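*Asks:* First the structure, which I've put down as structure tokens, then a few questions once you've had a look.
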Amino acid sequence: MARTESLRSQHQKLLPAVGDIGAHLAARAQPGMAEQLRKKISALIGQLQFHLISEEKVLYPALLNSTDANAREMANKFIREMGGLGQTVLALNDKWTNAYIHADPGFPREWQQVQQTLADRIQREDNELYPLADVVLG
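If you read the sequence shown in the working numbering, its first letter stands for residue 83, the second for the next number, and so on.
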């Protein structure tokens with residue numbers, strides 16, 4: 083079993099959840115839809131937090147303690163990048179109330195930015211970080 087198999091599996095759950103929210107943005111003004119979107123966002127944030135903790139407590143320390151300089155450098159790079167992304171998503175989560183989701187014209191744009199950023203990050207982890215981790219950490 084690859085060292086990053088669990089993290090990759092989490093990605094496979096996160097991506098559809100992100101896409102599902104994006105697919106329902108146009109319907110957000112319909113009765114009850116803002117509440118449904120809010121529940122989906124809350125569930126996604128919970129999954130994302132679990133994923134980030136898994137990386138922070140297990141993957142990154144192992145890479146940072148590796149004898150492989152490239153692994154340490156890449157881990158530091160991803161840690162720096164993810165810290166900002168995680169904080170941004172959590173701040174937006176607090177901002178995204180049912181009323182905001184329902185009526186604020188900025189919500190779809192904000193969500194699309196988060197969706198694209200998360201998708202890009204997941205792709206980079208799957209294609210760059212995790213393959214290196216699997217080789218270096220065995």
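All C-beta atoms, glycine included, are put in the ideal place defined by N, C-alpha and C.
Note that the structure is a prediction, hence the values are computed from the model and not measured.
1) Out of Thr86, Tyr212 and Asn180, state which residue places its alpha-carbon closest to the alpha-carbon of glutamine 235.
2) Assign glutamine 92 to one of three DSSP states: helix, strand, or coil.
3) Can you tell me whether DSSP reads aspartate 202 as helix, strand or coil?
4) Quick check on the DSSP output: the alpha helix (DSSP H) that includes histidine 184 runs from which residue to which?
5) Among residues of its own chain, excluding the 5 on either side of glutamine 92, which ones have a beta-carbon nearer than 8 Å to its beta-carbon?
6) My output table needs one value for threonine 170: the three-state DSSP class, helix, strand or coil.
7) Hey, is the segment 205-217 in contact with the segment 150-157, meaning 3+ C-beta pairs nearer than 8 Å?
8) Are the beta-carbon atoms of glutamine 197 and glycine 104 separated by less than 8 Å?
*Replies:* Quick answer:
1) With the chain covering 83 to 220 only, the question about residue 235 has no answer from this structure.
2) helix
3) helix
4) 180-185
5) Gln129, Phe132, His133 and Ser136
6) helix
7) yes
8) yes
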